[in-house]
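J.:
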Amino acid sequence: EVLLEEAAIDEAIIKLDHGFDLLPGNSDLTAAELRLMPAPGRELRLKKLLAPVRDRYHYILIDCPPSLGVLTLNALAAADSVLIPIQCEFFALDGLSALLETIKAVRATVNPNLKMEGLLRTMFDVRNNLGNEVSGQLTRHFGERVFRTIVPRNVRLAEAPSHGQPITGYDRSSRGAVAYLGLAGEILRRERSGQASADL
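For the sequence shown, the working numbering begins at 170 and goes up steadily by one.
This is how it looks when you write it as structure tokens:
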């Protein structure tokens, strides 16, 4: 509704515990994407909607679908930087190539300051030879742009959303929670040292 300008952003924001706010999505986003297709300036809709509330927050995290449609383009146009989660699987590399090309196109058109925060290896299973091989390829090709943090396959991570909780609330001691807390620390350290990259 907010993306389609049928509701004000302030009406849609939900206050959560610990000082967090949430602007939730739902299954209507698929229909919204179709309705946005013919709209002029459709890829800038989210950026314009967030503009009046940006200064209220230290960070705004935008979660995207695993596709390169209008919703993802909106997120890339609105973002300061992009963190790319990638499963260490063969076909994920193809998807990564397409995403990197899309990021270049977004920089060339609607968001020249978009930085690459880094690549995050997720759902990683150290016992999987292909996973180890793909992880190695990512590190060799992207170097320091690959986060040291690796998020393992973890049952507790999969369970947390069904309980309506973030992993840090559901099971803070789980391997998944520990990994994401480690990632947060790594991002903050990179930010302080100015390591987010303009290059792909």
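Backbone N, C-alpha and C fix where the C-beta goes; we use that ideal spot for every residue, glycine too.
Quick check on the DSSP output: the alpha helix (DSSP H) that includes Q306 runs from which residue to which?
T.: Stepping through the sequence shown from its first residue, residue 306 is reached at position 137. Its alpha helix (DSSP H) spans residues N298 to F311.
J.: Between V279, L326, A346 and S304, which has its C-alpha nearest L213's C-alpha?
T.: Walking along the sequence shown from the start, residue 213 turns up at place 44. Taking only the C-alpha atoms, the option nearest L213 is V279.
J.: Can at least three beta-carbon pairs, one atom from the segment 347-362 and one from the segment 280-291, be found at a separation below 8 angstroms?
T.: They touch, by the three-pair rule.
J.: By Cβ distance below 8 angstroms, which residues in the same chain neighbour N301 in space, the five residues on each side in sequence not counted?
T.: Mapped onto the sequence shown, residue 301 falls at position 132. Cβ neighbours of N301 beyond the five flanking positions: C257 and V295.
J.: Taking the Cβ atom as the reference point for each residue, do I178 and L192 lie within a distance shorter than 8 angstroms?
T.: For the purposes of this step, residue 178 is identified with residue 9 of the sequence shown, where counting begins at 1. For the purposes of this step, residue 192 is identified with residue 23 of the sequence shown, where counting begins at 1. Cβ atoms of I178 and L192: closer than 8 angstroms.
J.: Go through its chain and collect everything with a Cβ distance to P235's Cβ below 7 angstroms, but skip five positions before and after it.
T.: Working through the sequence shown from its first residue, we reach residue 235 at position 66. Closer than 7 angstroms at Cβ, skipping near neighbours: no residue.
J.: Does the Cβ of M292 have 16 or more other Cβ atoms within 10 Å, making it buried, or fewer, making it exposed?
T.: Taking the first residue of the sequence shown as position 1, residue 292 is located at position 123. Buried, because 16 or more other Cβ atoms sit within 10 Å of the Cβ of M292.
J.: Which residues share a DSSP beta bridge with F259?
T.: Your numbering for residue 259 matches position 90 in the sequence shown. Beta-bridge pairing links F259 to no other residue.
J.: Suppose only complete runs of 4+ residues qualify. What are the alpha helix (DSSP H) ranges in the segment 188-271, listed by chain order?
T.: Listed in chain order, the complete alpha helix (DSSP H) runs (minimum 4 residues) inside the segment 188-271 are 197-205, 214-219 and 239-247.
J.: Rank G338, F316, Q306 and N297 by C-alpha distance to the C-alpha of L185 and give the top, closest one.
T.: Within the sequence shown, residue 185 is the residue found at index 16, counting from 1. It is G338 whose Cα lies nearest to the Cα of L185.
J.: Taking 6 angstroms as the limit between beta carbons, can you name the residues of its chain near V315, skipping five residues before and five after?
T.: The residue you call residue 315 lines up with position 146 of the sequence shown. So the list reads L288, L307 and T308, once near-sequence residues are dropped.
J.: If you measure between the beta carbons of V222 and A246, is that distance less than 8 angstroms?
T.: Here residue 222 is taken as the residue at index 53 of the sequence shown, counted from 1. Here residue 246 is taken as the residue at index 77 of the sequence shown, counted from 1. The answer is no: Cβ separation not under 8 angstroms.
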